[in-house]
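Here the structure is laid out as C-alpha cells; the discussion comes afterwards.
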DNA sequence: TTTGGATAATTAACAGTGTTAAGTAAATTT
DNA sequence: AAATTTACTTAACACTGTTAATTATCCAAA
C-alpha cells in the first residue's frame, strides 16, 4: 500500500511544518507570543487545521519542551570525558546554569510552564521521560561521588533533589526577573556560579580528616 | 475641605473593593482565572472602571503579591523566639517550604509570575521591597550562624542565594507539576523537608574537630 | 436656583486568544 | 459514474486586556 505510506509521510510533514513554525515563533517572539493563529499563518493553513495534527496547544508546547531537553543533552556532552565524579557534578551544574540563562524560553517550557505537564497528563503516558532521564544522570553521578568518598553517603534521592532544587531555583529566580531587583544584571550569572561553587565545596568531604 | 476628604475615602474604598474581589477570585478560582471583567462583575461596576483605580492588571496582581508577602511574614513570626541561629535557619526553611505548598497561588505570584515584577518596572520605584526584606532576614540569620561558628565564614550573599535557590527550587518544581511525575504525591513534602534537612546538616560545621 | 465645569462611570469597540460544530472540496473506493 | 471517506475551511462561541468616545453625576460659582 504505497498510497497509505505516502499519505502518512505527508501527515508527518505537516506535523513537522507546524512544529517548525511554532519553534520559529517561539525563538523570535518568545513563548507567550506563540498562538495557533500565528502558526497557521506561517504554514499557510487555516487555524483549525492545526487541530487535525495536534490535540491542543499544550501538545505543541510539549513537543517544543522535548526539543529543549535535546538541546540540554547536547550541552552535557562535554561531561563524557570527565572521570572525576565531583568535577563532573560541578560541570553539570555549570552547564545547567548556562543553559538556563542562554535559553530562557526553552528553560521556561522545560521546567516552569505548566502547559507541557498538562499535555503529559492528557496523554496516556504517565511518566515524564525527559525529566526522569535528566534526574537519573544526576543521581548516577552523585552515587559515584558517594562511592568514591567525595560526598558523605546518604539518600541519593534527597541529595539529588537538593542540588537540582538549588540550580533550578537560581535559574528560575533569574529568568522570572527576581534577581534584577536585588543584584545588578552583570553580577547575576557570576553570583549563580559562585553559589554552585560554594555548594560543591560544602559537599566535598574528600579533603577532610587528612 | 471635608468633601475632598470624603471623596478620597470613597476612592480608597473602591480600590479596596477591587482588590478584595481580585483576592476572592484568586483564592477560589486560581490566579489564571482572575480577569478584569470578572472583577468588574463582582464589584458590580463596568470593566473599564477598574482602570480608573489601577493602571493595568499587573498593578492589581502586584498588590496581591504584596499580600502574599504579608502572609509569609506572619508565618515567620514563630522564628522570633528561636535563639540558635542555625535552628532558626532550619525553621525558616521549613516555613518557606510549607508556605509555598500551602499557598501555591500566592507563591506563584510572589516568586514565579512575571506580572508583579512588570508592574514594579512600570512604577517609578526601582526596588523590590518585599523580596529585598525577605532576603535580608535570611542574610542576617546566616551572618549570625557564621559569627557563632555554625557555618564556615564566607560571602553571605553567595550562601544566601544558594539556600534561597534551593528552597525556591524545591517549591517551584513542586507547584509547577514537575514533582508528581517523579515521586508519588504523598512523598513530595517529606522529600523536600529531607532535602532541607540534609542541606542544614551539610552546612553545620559546629560538630567538626571537637 | 440655574448653569457650567469637573469628575466618575459607561458603552462600544479593537485586536487578540483557544477551541468547536458545521459545511465544503478533493481524493479514493466501490 | 456514484458513493464514501479524508482533508480542510468558514463561522462562530466565549473569552482576554485595553482604549476612545460618550453619558451621567455631582459640586461650585453666577
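Residue numbers (the working numbering), protein chains in the order written: chain A, 1 to 210; chain B, 1001 to 1210. No residue lacks a Cβ here, since even glycine has one placed at the ideal position from N, Cα and C. Remember, predicted model here, so these are calculated numbers, not experimental data.
Given residue i, which residues of its chain have a CB within under 7 angstroms of its CB, disregarding the five upstream and five downstream residues?
i                       : result
residue 1 of chain A    : Residue placement at residue 1 of chain A cannot be trusted, given a pLDDT of 45 that sits under 50; what the coordinates show is reported in the next sentence. Around residue 1 of chain A: no qualifying Cβ.
residue 6 of chain A    : none
residue 1179 of chain B : 1173, 1188
residue 32 of chain A   : none
residue 117 of chain A  : none
residue 1207 of chain B : none
residue 1128 of chain B : 1120
residue 82 of chain A   : 88, 91
residue 1030 of chain B : 1105
residue 133 of chain A  : none
So, residue i versus residue j, is the Cβ gap smaller than 8 angstroms?
i                       : j                       : result
residue 1064 of chain B : residue 1022 of chain B : yes
residue 119 of chain A  : residue 62 of chain A   : yes
residue 1050 of chain B : residue 1039 of chain B : yes
residue 171 of chain A  : residue 107 of chain A  : yes
residue 24 of chain A   : residue 42 of chain A   : yes
residue 202 of chain A  : residue 1097 of chain B : no
residue 69 of chain A   : residue 110 of chain A  : yes
residue 1009 of chain B : residue 177 of chain A  : no
residue 253 of chain A  : residue 122 of chain A  : No answer is possible for residue 253 of chain A: it lies beyond the span of chain A, which begins at 1 and ends at 210.
residue 1162 of chain B : residue 101 of chain A  : no
residue 1112 of chain B : residue 112 of chain A  : yes
Whose C-beta lies closer than 8 angstroms to the C-beta of residue i among residues of the same chain, with five residues either side of it excluded?
i                       : result
residue 1251 of chain B : With chain B represented from 1001 up to 1210, any question about residue 1251 of chain B goes unanswered, as that position is not in the structure.
residue 156 of chain A  : 139, 142, 143, 146
residue 1071 of chain B : 1099, 1103, 1106
residue 1015 of chain B : 1053, 1054
residue 17 of chain A   : 43
residue 1074 of chain B : none
residue 1205 of chain B : 1149, 1150, 1151, 1152
residue 28 of chain A   : none
Hey, residue i and residue j are a contact pair by Cβ (cut 8 angstroms); roughly how many whole angstroms apart?
i                       : j                       : result
residue 135 of chain A  : residue 164 of chain A  : 7 angstroms
residue 158 of chain A  : residue 1191 of chain B : 6 angstroms
residue 1169 of chain B : residue 90 of chain A   : With a Cβ gap of about 17 angstroms, residue 1169 of chain B and residue 90 of chain A do not count as contacting.
residue 1094 of chain B : residue 1193 of chain B : 7 angstroms
CB-CB under 6 angstroms to residue i, same chain, minus the five flanking residues each way: which ones, in chain order?
i                       : result
residue 1210 of chain B : For residue 1210 of chain B, the predicted model reports a pLDDT of 46, less than 50, meaning its position is unreliable and no value from the coordinates is stated.
residue 1037 of chain B : 1047
residue 1056 of chain B : none
residue 60 of chain A   : 22, 54
residue 19 of chain A   : 63
residue 1130 of chain B : 1069
residue 1126 of chain B : none
* Examine the Cβ distances between the stretch 1078 to 1097 of chain B and the stretch 1141 to 1158 of chain B and report whether three or more of them are shorter than 8 angstroms. => The stretch 1078 to 1097 of chain B, when compared against the stretch 1141 to 1158 of chain B, does touch it at the 8 angstroms Cβ threshold.
* Mind listing, in chain order, the continuous alpha helix (DSSP H) runs of no fewer than 4 residues lying wholly within the stretch 42 to 76 of chain A? => 47 to 53, 57 to 75
* Check whether the stretch 194 to 204 of chain A touches the stretch 177 to 184 of chain A, counting contact only when three or more Cβ pairs, one atom from each stretch, lie closer than 8 angstroms. => In short, these stretches do not touch, since the Cβ pair count stays below three.
* In chain order, which continuous runs of the alpha helix (DSSP H) of length 4 or greater are located wholly inside the stretch 1070 to 1134 of chain B? -> 1085 to 1102, 1104 to 1107, 1115 to 1122
* To do: Starting from the N-terminal side, write out each stretch of the alpha helix (DSSP H) that is 4 residues or longer and does not extend beyond the stretch 1137 to 1204 of chain B.
  => 1156 to 1175, 1185 to 1203
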